Amino acid sequence: MADRPIAARLGLVGIPMSGKTSLFCALTGTDYAKIIASSGGKSISAPVRVMDPRILKMHKVEGEQKKLVTPVMEVVDANSIVLDGPDKDANPGKLASIRECDGFLAVLKGYEGEDVKKQLDAFRSEFILADIDVMQKRIEKLKVDSKKGLPNQQELLKELATMEPLLEAVSGGDVKAFDKLTPEDEKRMKGFAFYSKKPLIPIANISEGDLGKKLDVPAVAIKLEMELMAMEPAEKASFMKDYGLEKLALESLPVDLYHQLGMQTFVTTGDKDVTAWHLKKGQTALEAAGRIHTDLQKGFINAEIISYAEYGKWKNYREAVSRAPKRVEGKAYVMQDYDFIEVKSGL
């Protein structure tokens, strides 16, 4: 299998002994012992393929001799966050390694009586405090620079007019204020990569004895599931039945996280490959064309689309193209998850 450019970056946060690094290893297939020995106390990262069952099915249908190309996420394991005590002052530095990520997975310690809600609230607070610090420093600089008569004075004043009410809202815990920014203000704020603007996805790591226990957040017994994933299929099925597990959360987690980060997939297929391309939800056929090649975007005429549901009615893509009703869309068409696309270009 070959990889595309990184579709999204996911940062892992958790308190010590939360199972964060174990989950990192489960997602990326990285050896835990090697990580601990080589990390030197620094954050670590590794890729994970987004292996949606739909693309695996398509690959089988179109021919497994073809090269399969799938979206790839990068997962970054930040150093553990401390909730109390003097070491808490080091938290901002630890979080710096994941500032540029597209979203965060909070791995919550859900065993030994730990309070998962307290942990999640603490992570939200750490993100907000870090953002407040950046905003305050930027506002101080803007107030000084905007009085110097610089060529970009008007732009500095506009940024200040955006940043001040945003600081007030975020200081009060209203992170939804980011969603109310205009497209122009979004551009002004983009370079700051604010933590609290991005998705924070919680997952509780529980012991096998707590399976079936209801929590306020999704839960997985990470250690148990890693052991089950390493078993032969027959043995694995037997143990899953014993534990009352219909499926393993870790197996579908990369796909679930990919979608929660606002990503979706579209597909192209040729004589030699089946390719699943990443795209942000809400993006258009024109943007999908650019993902494939910039010339397709520049010379875009239209796009022939076959939905995943329509594709499933036919033997393969070639038959779907020749027999299914043609659906020709323009550049403004909003792509749907697992659309097949063939772009007509004048270049």
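Residue numbers (my numbering): 8 to 354.
Every residue gets a Cβ at the ideal spot worked out from N, C-alpha and C, and that includes glycine.
Given the structure is predicted, the values throughout are model-derived calculations rather than measurements.
Asked: Where P209 falls: helix, strand or coil (DSSP); Found: strand
Asked: Helix, strand or coil at A244 [DSSP, three-state]; Found: helix
Asked: Neighbour-count burial assignment, A276, 16 or more Cβ in a 10 Å radius; Found: The identity of residue 276 in the sequence shown is Thr, whereas the question assumes Ala. Per the 10 Å Cβ criterion, buried.
Asked: Helix, strand or coil at I51 [DSSP, three-state]; Found: strand
Asked: Completely contained beta strand (DSSP E) runs for the region 40 to 104, where each covers 3 or more residues; Found: 51 to 56, 74 to 84
Asked: Same chain, Cβ closer than 8 Å to G297, neighbours up to 5 away in sequence not counted; Found: L303, Q304
Asked: Spatially closest choice to E232 from S245, K248, L257, D128, by CA coordinates; Found: L257
Asked: Beta-ladder partner(s) of V114, from DSSP; Found: G21, I210
Asked: Spatially closest choice to K351 from Y345, K338, M342, D344, by CA coordinates; Found: K338
Asked: Exposure of K333, with buried meaning 16 or more beta-carbon neighbours within 10 Å; Found: exposed
Asked: Complete beta strand (DSSP E) runs within the region 248 to 308 (minimum length 3 residues, chain order); Found: 270 to 276, 280 to 287
Asked: Buried/exposed call for D346, threshold 16 Cβ in 10 Å; Found: buried
Asked: Check whether K200 and E107 have beta carbons under 8 Å apart; Found: The sequence shown places Ala at residue 200, rather than the Lys named in the question. It is a contact, given that the beta carbons lie within the stated cut-off.
Asked: Rounded C-alpha distance that separates Q72 from E336; Found: 31 Å
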